[in-house]
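Take a look at the structure below.
Numbering (my numbering), first residue to last: 301 to 452.
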């Protein structure tokens, strides 16, 4: 990791390759999450034709995310941050693949719309659990990559 001499430069941290890679990864990760959230909301509305069902998606994600936030902070502080972040992102990918499997015609032949919607809520509940760990993990990674004098 190269040391940057000029400390009042706002772009100094971006000259660190590890930091650039982390920020690019975080940007792509968040873009994917936002797209997935929009698609899941549209999909649940298409299955149920009820606007209230869309609100339940947000509720099923925010309840575990908020409930576990203090515990997640403790776990992040005592754990290896990189390993925890990679585990969280991998579990998010697993949830996305489960949602992909639920969206197929094959699944629609075996499950009713009610059960598909219920499964979506369960998967989104688990993404809320993973969110409480992965969100803060990104922030702690910044502190371990960027030298202290460049953090402002």
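The C-beta atom is built at its ideal place from N, Cα and C for all residues, glycine as well.
| Item | Value |
| --- | --- |
| In angstroms, rounded to a whole number, what distance separates the CA positions of residue 334 and residue 328? | 10 Å |
| Suppose contacts are defined by Cβ-Cβ distances below 7 Å. Is residue 439 in contact with residue 365 by that definition? | no |
| Do you know offhand how far residue 312's Cα is from residue 324's? | 16 Å |
| When DSSP labels each residue in this structure, what does residue 317 get in the three-state scheme? | helix |
| Closest to residue 372 by C-alpha separation, out of 433, 445, 308, would be which residue? | 433 |
| Three or more C-beta pairs under 8 Å: does that hold for the segment 315 to 324 against the segment 400 to 407? | no |
| Under 8 Å by Cβ, that's how I've got residue 446 and residue 316 pegged, so tell me the actual separation to the nearest angstrom. | 6 Å |
| Measuring straight from C-alpha to C-alpha, what distance separates residue 352 and residue 412? | 19 Å |
| Restricting to Cα atoms, I'd like to know which of 444, 389, 308 is closest to residue 377. | 444 |
| Would you kindly work out how many angstroms separate the C-alpha atoms of residue 399 and residue 421, rounded to a whole number? | 10 Å |
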